[in-house]
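Sequential numbering of the sequence shown, starting at 39, is according to this note's numbering.
The beta-carbon is built from N, C-alpha and C at its ideal position, and this holds for glycine as well.
Here the structure is a predicted model, which means the values were calculated and not measured.
Following: one structure in structure tokens, then a few remarks.
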Amino acid sequence: MVTHYYTASSLDGFIATADHSLDWLLKQDIDEDGPMAYSGFRAGLGAIAMGAHTFEWIMANDEDGWGYTLPAWIFSHRDLDLPEGADVRLTQADVHEVHAEMTAAADGKDLWIVGGGELVGQFADAGLIDEVWIQYAPVTLGSGAPVLPRALDLEMLDVARNRNFMCGRYKVLGAL
């Protein structure tokens, strides 16, 4: 079991605009079945965790609504409307506790920390991120949510091009 931080980033290191939009990303050309694409990555997952902003963006912008069948933990300090019939849990718990719950629920499959920002930073601080996958899009945003707001030492494991995306997979060696 591996805990992944899988995300897309602008070339200048942002995963979302200052107002949490991902519209810039959805305009990019990618082969959904190509190297390091989301569909192949998602196939090995057993549980996911994300912050409230990412969850709210998905709920507001995904035409299919909540498309995940995996157990999901949403970190939020406020009440959110959760999709009916889905295994979605609101939490304010420590990332160590949630990671243990995710591991138990994933039944040997991998874990995904979705989105970024402070939540992925907390998982990184706790030493709970094993790999970082970043799909770099040919766009700059100038500001917004940073791809990873922590200083980490990484080792490149794989690199590929998927149409307009430069894709990298890295092993987390530890904090700098």
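A direct Cα-to-Cα measurement between Leu108 and Ile86 gives close to 7 Å. By the neighbour-count criterion, in which a residue is buried when 16 or more other Cβ atoms sit within 10 angstroms of its Cβ, Val136 is buried. Under the DSSP definition of a beta bridge, Pro184 partners with Phe52.
When the beta-carbon positions are compared, Gly146 and Gly84 come within less than 8 Å of each other.
Restricting attention to Ser48, Leu157 and Ala142, the CA atom closest to the CA of Gln66 is found in Ser48. Within the stretch 128 to 162, the runs of alpha helix (DSSP H) at least 4 residues long that lie entirely inside it are, in chain order, 133 to 144.
In this structure, DSSP gives Asn200 an extended state, which the three-state scheme calls strand. The DSSP-derived three-state label of Ser47 is strand.
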